[in-house]
Amino acid sequence: MNPSEQQQFDDIKKRLLQVLPRLLRYARNLSSSSSDAEDLLQSTSERVLSRWHQFRPGTDFDRWAFTIMRSIRNNTLRSESVRLGSGHEDASERLVAPDNQSPEWNKTYHQLLDSIEKLPENQRQVILLVYVEGYSYGAAADILGIPQGTVMSRIGRGRMNLASELNTNDPNSMSTKLTTDNSHVNTSNSDNVAQKHSLPNEHSVRKSASRTKPDFISVLKQ
């Protein structure tokens, strides 16, 4: 690896460290258990680092990493022939409401989380990307590999399903809750990921393929 390539690889590691908390959150929302989420984050991190040369400088790194995670997850789903969302942990264990909210607010919030769990896979994915991760319709379309119009239609159906599930005739009110208040997402543990470990180098990435869990993933269990 020449000096220029080494600099590019080091930059990829730095960017990956920065986006790890969001990737972990997304992995937890896509996975049936904490262990599955860690495995998904492991696979995504390995692929990002092993294919660093495929990233085009000047493009959105975070979107590229999310696209890789989505691809890995979809391949896993196809191979296992299981539906996304079946056997999920209670959503309240992954997304935590902010403190000092009224009982009524908390009740509505947890009903919302339960309703998101019940959405069809395609609606659930766009809801998570747009309203939890804050991506635009266009960015979500790129990550999922579908037209923007499809994202918009799935968002619309998802919001209607959420409104119906929560017995409200105003789906816009639900989208407001999702888009204006992301403070309910519990990232306290996720933030520690970037603070507590260093990413492996390119050589160790290749070696990690023979291990069940790379060292940097084991930090998540501490």
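Residue numbers (my numbering): 373 to 594. Backbone N, C-alpha and C define an ideal beta-carbon position, used for all residues, glycine too. As the structure is a computational prediction, the values presented were derived from the model and not from experiment.
Should the region 527-535 be regarded as contacting the region 493-509, the criterion being three or more beta carbon pairs within less than 8 Å? yes
Close-in-space but distant-in-sequence residues of the same chain around Q495 (CB under 7 Å, 5 per side omitted): Short of 7 Å from the beta carbon of Q495, and not among the five residues preceding or following it, lie these beta carbons of its own chain, in chain order: R526, R529, G530 and N533.
May I ask which residues mark the beginning and end of the alpha helix (DSSP H) holding R397? P375 to L402
Within 8 Å, do at least three Cβ pairs link the region 383-394 to the region 427-441? yes
Return the Cβ separation of T439 and D514 in integer angstroms, given the expectation that the two are a contact with Cβ distance under 8 Å. 7 Å
R419 - containing alpha helix (DSSP H), residue span: S406 to S422 is the span of the alpha helix (DSSP H), which, as asked, contains R419.
Distance check for A511 and N401, CA to CA, integer angstroms please. 18 Å
Does the Cβ of S405 have 16 or more other Cβ atoms within 10 Å, making it buried, or fewer, making it exposed? exposed
Three-state class that DSSP yields for I499 in the structure shown: DSSP places I499 within a helical segment (H, G or I) once states are collapsed to three.
Assuming the contact rule is C-beta atoms closer than 8 Å, Y509 and Q497 should be a hit. Round their C-beta distance to whole Å, please. The pair is not a contact, with the Cβ atoms about 13 Å apart (cut-off 8 Å).
Integer Cβ distance of L538 from L484, believed to fall under 8 Å: Confirmed, about 7 Å.
If I follow the unbroken alpha helix (DSSP H) through D432, where does it start and stop? Taken as a continuous stretch (DSSP letters only), D432 belongs to no alpha helix (DSSP H), as it is neither H nor E.
Can you name the start and end residues of the alpha helix (DSSP H) that S525 belongs to? Q520 to E537
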